[in-house]
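Residue numbers (full-length UniProt numbering): 103 to 829. Here a beta-carbon is modelled for each residue, glycine too, at the ideal position from N, C-alpha and C. This structure is a prediction, so every number in the text was calculated from the model and none was measured. Working notes, beginning with the structure itself.
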Ligand code: ADP
């Protein structure tokens with residue numbers, strides 16, 4: 103019998119036995135009580151049964167109802183679950199934080215220790231042990247695993263979390279999983295009859311599309327099943343959140359696919375709007391934070407939704423500057439503790455989010471849309487919503503992705519608002535007007551319709567999908583978008599021009615956890631003719647980390663520091679400047695932190711760069727781009743990069759970024775070679791305002807105009823040389 107739910111009685115007994123002397127056991131007991139109070143707890147038996155009888159479970163439930171942390175624990179003792187459980191997340195922070203939490207709840211160490219039942223694997227950070235039963239990983243990492251194990255043989259179950267975010271990777275994953283779970287794909291044969299179960303979890307109630315998608319895979323007619331009482335979850339979609347409701351789970355099952363809804367608790371959330379639109383939402387947020395702190399009763403933490411790390415850091419500074427003026431001894435106001443929450447967060451900062459505020463202190467969490475559904479921050483009673491988020495957007499005419507600050511969708515705004523009403527009645531302040539809210543798009547456009555598809559297409563090709571046009575996708579991108587991606591991959595020599603299948607070079611690129619452009623750059627650098635793999639890895643590592651250069655503000659930069667920083671600049675441009683910074687940092691053996699400070703370099707970002715560099719070196723060795731001996735011989739002694747090595751490095755980037763080249767035209771502006779678009783050199787570049795024959799750049803940014811960021815000078819005559827050369 104497989105439906106007795108989590109083994110609560112024996113766990114309780116264990117705590118009773120251990121209680122008197124063992125603080126750890128007390129902690130476990132406390133954790134169990136918290137778990138039992140989660141809305142999903144009462145559904146444990148239903149969920150286990152649904153998967154006993156079906157291949158696919160579609161589980162919708164409000165954020166914070168306990169899906170991500172509890173479902174793996176409900177399943178791992180099921181009789182059918184002899185292999186591992188993978189739980190995928192769109193974001194690395196969430197994967198790591200959830201793994202840590204679940205390990206703690208299960209009372210086991212995390213990661214590589216032989217006792218550890220829980221591990222995680224995110225890009226550039228693999229913490230998985232042999233005996234892990236539950237593995238949290240990003241969608242991208244599971245796709246990477248499918249290169250070596252396309253049938254996911256080591257797994258009994260894949261839990262796909264946060265599907266409502268509709269990242270490209272999740273769409274691809276669903277396509278591959280559909281083939282495996284229905285036994286219709288080529289790879290499925292490799293499972294030799296071992297069943298794979300799939301749980302698809304979403305914070306929105308819109309599950310019809312998912313159900314149809316899997317039904318189609320099973321060759322069933324479109325779902326016309328009786329799904330009872332879907333409206334139970336529509337409280338998510340009401341403007342002003344509703345009162346606390348009884349939990350009315352509803353489920354339906356077809357023998358293959360089962361759906362289940364978990365009702366979360368929702369308290370009323372009073373919502374306020376600005377009467378006039380604001381141009382500066384940081385300042386508006388600052389005002390509201392202190393307003394709340396002065397007027398609203400404790401307890402009740404504040405969660406502010408902002409766009410990115412830079413905005414968050416600035417606002418944190420502004421709040422901290424203002425605190426001494428507002429929270430004086432006479433004011434009698436509680437203290438304020440400001441905590442940032444965004445992608446590049448250290449482990450300690452992550453944990454601070456979950457700890458209750460110290461006595462007589464209100465927490466203010468400044469977050470990106472990570473806190474929308476991915477990470478549930480406890481204690482929040484007040485939400486301030488900027489109405490904006492940074493999203494990836496494909497620029498058709500530029501042929502490139504760029505990160506843009508955009509309006510969020512209505513459903514995101516409602517999710518954000520809901521964060522205020524999880525534990526008690528709350529308040530949400532929208533830093534926009536009511537008509538602005540009404541005008542928002544209903545749902546966000548899936549990423550697959552907005553971004554460059556070259557990674558996605560290469561992902562498919564590398565996993566044996568020949569006809570990418572007919573690969574099963576929840577939302578089909580346009581034919582032109584697919585063709586554009588195929589064309590770029592051809593330009594990168596990742597596909598054979600004769601049959602369009604993946605080339606050997608393409609396979610190498612696909613194994614690297616990088617965009618095809620960066621992958622191609624690395625492969626080019628490994629060519630003995632170029633011989634610049636290690637320096638190129640250093641630069642690519644910078645592009646895959648947070649900015650290493652601290653923004654220079656007048657007050658905090660003394661002349662000495664500016665000069666030290668200027669010494670790192672290279673006249674060829676930003677690529678080699680990054681390289682010189684990494685090399686100087688790496689060669690510093692006494693006090694890197696101090697060195698970073700003296701050079702206005704972010705020590706934290708640099709540590710991250712060093713991490714990424716280490717991982718990339720190891721991956722290049724695995725991909726046979728460099729030998730173990732060569733790697734061992736690499737030292738961090740500082741030697742200057744010769745002119746010709748510098749040129750070779752830039753030629754390698756040129757090889758990976760054929761679309762990112764612009765030349766100076768007679769009116770003094772730069773125009774892209776492909777597409778003839780105007781671009782300007784970004785003010786952060788060492789080449790800012792310089793006039794050069796031609797430039798190569800890593801990315802576009804948009805503010806009021808089109809900027810090329812991370813720019814280097816190139817010579818036009820290199821183009822022919824680079825693109826004509828054989829691979
Ligand atoms: P859902 O997936 O339905 O959004 P979760 O399982 O992520 O819900 O969260 C359930 C509860 O566990 C939430 O109250 C959340 O705050 C808590 N939680 C999740 N991760 C951590 C963590 N790393 N530390 C402490 N609490 C956590």
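Exercise for the section: Indicate, with yes or no, if the ligand ADP has a heavy atom lying under 8 Å from the CB of residue 164. Expected result: Working through the chain shown from its first residue, we reach residue 164 at position 62. Yes, the ligand ADP has a heavy atom inside 8 Å of this Cβ.
Handout entry: Test item: CB-CB of residue 469 and residue 407 under 9 Å
Key = Position 367 of the chain shown, counted from the start, is the residue given in the question as residue 469. Position 305 of the chain shown, counted from the start, is the residue given in the question as residue 407. Yes, the Cβ-Cβ distance between residue 469 and residue 407 is below 9 Å.
Handout entry: Cβ-heavy atom distance, residue 142 to the ligand ADP, below 8 Å
Key = On the chain shown, position 40 is the one that residue 142 refers to. The nearest non-hydrogen atom of the ligand ADP is less than 8 Å from the C-beta of residue 142.
Exercise for the section: Using only alpha-carbon positions, find the residue among 181, 493, 379, 287 that is nearest to residue 554. Expected result: As a first step, residue 554 is located in the chain shown; it is residue number 452 there, counting from the start. Its Cα nearest to that of residue 554, the residue 493 stands out among 181, 493, 379, 287.
Practice task
Compare the C-alpha of residue 302 against each of 767, 418, 283 and name the closest.
Solution key: Numbered from its first residue, the chain shown carries residue 302 at position 200. Out of 767, 418, 283, 283 has the C-alpha closest to the C-alpha of residue 302.
Practice task
Report yes if the C-beta distance between residue 484 and residue 404 is below 9 Å; otherwise report no.
Solution key: As a position in the chain shown, residue 484 is number 382, starting the count at 1. As a position in the chain shown, residue 404 is number 302, starting the count at 1. Yes, Cβ-Cβ distance for residue 484 and residue 404 is below 9 Å.
Problem - Which of helix, strand or coil DSSP assigns to residue 702 - result: Working through the chain shown from its first residue, we reach residue 702 at position 600. Residue state, collapsed to three classes: coil.
Exercise for the section: Please classify residue 713: does DSSP put it in a helix, a strand, or coil? Expected result: Reading the chain shown from its first residue, position 611 is the one you call residue 713. Helix, per DSSP.
Practice task
Take residue 822 as the anchor and find which of 506, 756, 740, 784 has the nearest alpha-carbon.
Solution key: Position 720 of the chain shown, counting from 1, holds the residue named residue 822. When the alpha-carbon of residue 822 is set against those of 506, 756, 740, 784, the nearest one is in 756.
Practice task
Would you identify the three-state DSSP class for residue 402, choosing helix, strand or coil?
Solution key: One-based indexing of the chain shown puts residue 402 at position 300. The answer is coil: DSSP assigns residue 402 none of H, G, I, E or B.
Practice task
Output the distance between the C-alpha atoms of residue 705 and residue 142, rounded to the nearest integer angstrom.
Solution key: In the chain shown, counting from the first residue as 1, residue 705 sits at position 603. In the chain shown, counting from the first residue as 1, residue 142 sits at position 40. Approximately 42 Å between the Cα atoms of the pair.
Exercise for the section: Quick one: residues in its chain with C-beta nearer than 8 Å to the C-beta of residue 744, no 5 flanking neighbours on either side, listed in chain order? Expected result: For this step, residue 744 is matched to residue 642 along the chain shown. Take residue 744, set aside five residues on each side of it, and no residue of its chain has a beta-carbon closer than 8 Å to its own.
Exercise for the section: Can you grab the Cα-Cα spacing for the pair residue 360 / residue 272, in whole Å? Expected result: For the purposes of this step, residue 360 is identified with residue 258 of the chain shown, where counting begins at 1. For the purposes of this step, residue 272 is identified with residue 170 of the chain shown, where counting begins at 1. Approximately 20 Å between the Cα atoms of the pair.
Exercise for the section: With a 10 Å radius around its C-beta and 16 neighbouring C-beta atoms as the bar for buried, classify residue 444 as buried or exposed. Expected result: Position 342 of the chain shown, counted from the start, is the residue given in the question as residue 444. With 16 or more other Cβ atoms within 10 Å, it is buried.
Handout entry: The beta strand (DSSP E) enclosing residue 536, as first and last residue numbers
Key = As a working note, residue 536 is residue 434 in the chain shown. Here residue 536 belongs to no beta strand (DSSP E); instead the alpha helix (DSSP H) covers 536-541.
Practice task
Return helix, strand or coil for residue 374, following the three-state DSSP convention.
Solution key: Within the chain shown, residue 374 is the residue found at index 272, counting from 1. It is a strand residue.
Exercise for the section: Please state whether DSSP places residue 571 in a helix, a strand or coil. Expected result: Residue numbering aside, residue 571 sits at position 469 when the chain shown is read from its first letter. Three-state DSSP puts residue 571 in a helix.
Handout entry: the ligand SAM heavy atom lying under 8 Å from the CB of residue 305
Key = Ligands present in the displayed structure are limited to the ligand ADP, and the ligand SAM is not among them.
Practice task
Alpha carbon to alpha carbon, how far is residue 767 from residue 780? Give it in angstroms, no decimals.
Solution key: As a working mapping, residue 780 is identified with position 678 in the chain shown. As a working mapping, residue 767 is identified with position 665 in the chain shown. In this structure, the straight-line span from the alpha carbon of residue 780 to that of residue 767 is close to 10 Å.
Practice task
Kindly examine the ligand ADP and report whether one of its heavy atoms sits closer than 8 Å to the Cβ of residue 568.
Solution key: Position 466 of the chain shown, counted from the start, is the residue given in the question as residue 568. With a cut-off of 8 Å, the C-beta of residue 568 is classified as distant from the ligand ADP, since no heavy atom of the ligand falls inside that distance.
Practice task
Using 8 Å as the cut-off, classify the Cβ of residue 517 as near or not near the heavy atoms of the ligand ADP, replying yes or no.
Solution key: One-based indexing of the chain shown puts residue 517 at position 415. Between the ligand ADP and the CB of residue 517, the shortest heavy atom gap is not smaller than 8 Å.
Exercise for the section: Tell me whether the beta-carbon of residue 417 lies closer than 9 Å to the beta-carbon of residue 387. Expected result: Sequence index remark: in the chain shown, residue 417 carries index 315 (1-based). Sequence index remark: in the chain shown, residue 387 carries index 285 (1-based). Taking 9 Å as the Cβ cut-off, residue 417 and residue 387 qualify as a contacting pair.
Exercise for the section: Locate the alpha helix (DSSP H) running through residue 585, then write down its first and last residues. Expected result: For the purposes of this step, residue 585 is taken as the residue at position 483 of the chain shown. Looking at the DSSP string, the run of the alpha helix (DSSP H) that includes residue 585 is 581-593.
Exercise for the section: Pick helix, strand or coil for residue 383, following the three-state DSSP scheme. Expected result: Within the chain shown, numbered from 1, the residue matching residue 383 stands at position 281. Correct three-state label for residue 383: helix.
Problem - Other residues of its chain near residue 583: CB distance less than 6 Å, five sequence neighbours each side excluded - result: Residue 583 sits at position 481 when you count from the first residue of the chain shown. If we look at residue 583 and ignore the five residues flanking it on each side, its Cβ neighbours are 555.
Practice task
Could you tell me which residues DSSP puts in a beta bridge with residue 285?
Solution key: Residue 285 sits at position 183 when you count from the first residue of the chain shown. For residue 285, which the question treats as bridged, DSSP gives no partner whatsoever.
Handout entry: Supposed close pair residue 371, residue 481 - CB separation, criterion 8 Å
Key = For the purposes of this step, residue 371 is taken as residue 269 along the chain shown, with counting starting at 1. For the purposes of this step, residue 481 is taken as residue 379 along the chain shown, with counting starting at 1. Contact flag wrong, Cβ pair sits at about 15 Å.
Practice task
Please state if the CB of residue 362 and the CB of residue 298 are separated by a distance shorter than 9 Å.
Solution key: Indexing the chain shown from 1 puts residue 298 at position 196. Indexing the chain shown from 1 puts residue 362 at position 260. Between residue 298 and residue 362, the C-beta spacing is not below 9 Å.
Problem - Inter-stretch contact (C-beta, 8 Å, three-pair minimum) for the segment 699-717 and the segment 630-649 - result: Touching, per the Cβ criterion.
Practice task
May I have the straight-line CA-CA distance separating residue 317 from residue 176, to the nearest angstrom?
Solution key: Within the chain shown, residue 317 is the residue found at index 215, counting from 1. Within the chain shown, residue 176 is the residue found at index 74, counting from 1. Just so you know, the alpha carbons of residue 317 and residue 176 end up roughly 25 Å apart.
Exercise for the section: In angstroms with no decimal places, state the Cα-to-Cα distance between residue 683 and residue 638. Expected result: As a working mapping, residue 683 is identified with position 581 in the chain shown. As a working mapping, residue 638 is identified with position 536 in the chain shown. Taking the CA atoms as reference points, residue 683 sits about 13 Å from residue 638.
Exercise for the section: Identify whether residue 258 lies in helix, strand or coil by the three-state DSSP scheme. Expected result: Taking the first residue of the chain shown as 1, we reach residue 258 at position 156. Three-state result, residue 258: strand.
Problem - Residues that DSSP places opposite residue 678 in a beta bridge - result: Here residue 678 refers to the residue found at position 576 when the chain shown is read from its first residue. Answer is none; residue 678 lacks a bridge partner.
Handout entry: Assigned exposure category for residue 345 - 16 Cβ within 10 Å defines buried
Key = In the chain shown, residue 345 corresponds to position 243, counting from 1. Reliability of the predicted coordinates at residue 345 is poor, the pLDDT of 33 falling under 50, and no value is obtained from them.
Practice task
Compare the C-alpha of residue 415 against each of 390, 389, 442 and name the closest.
Solution key: Counting from one through the chain shown, the residue named residue 415 turns up at place 313. Ranked by Cα distance from residue 415, the first of 390, 389, 442 is 442.
Handout entry: For residue 749, three-class secondary structure by DSSP
Key = Start at 1 with the first residue of the chain shown, and residue 749 comes out as number 647. Helix.
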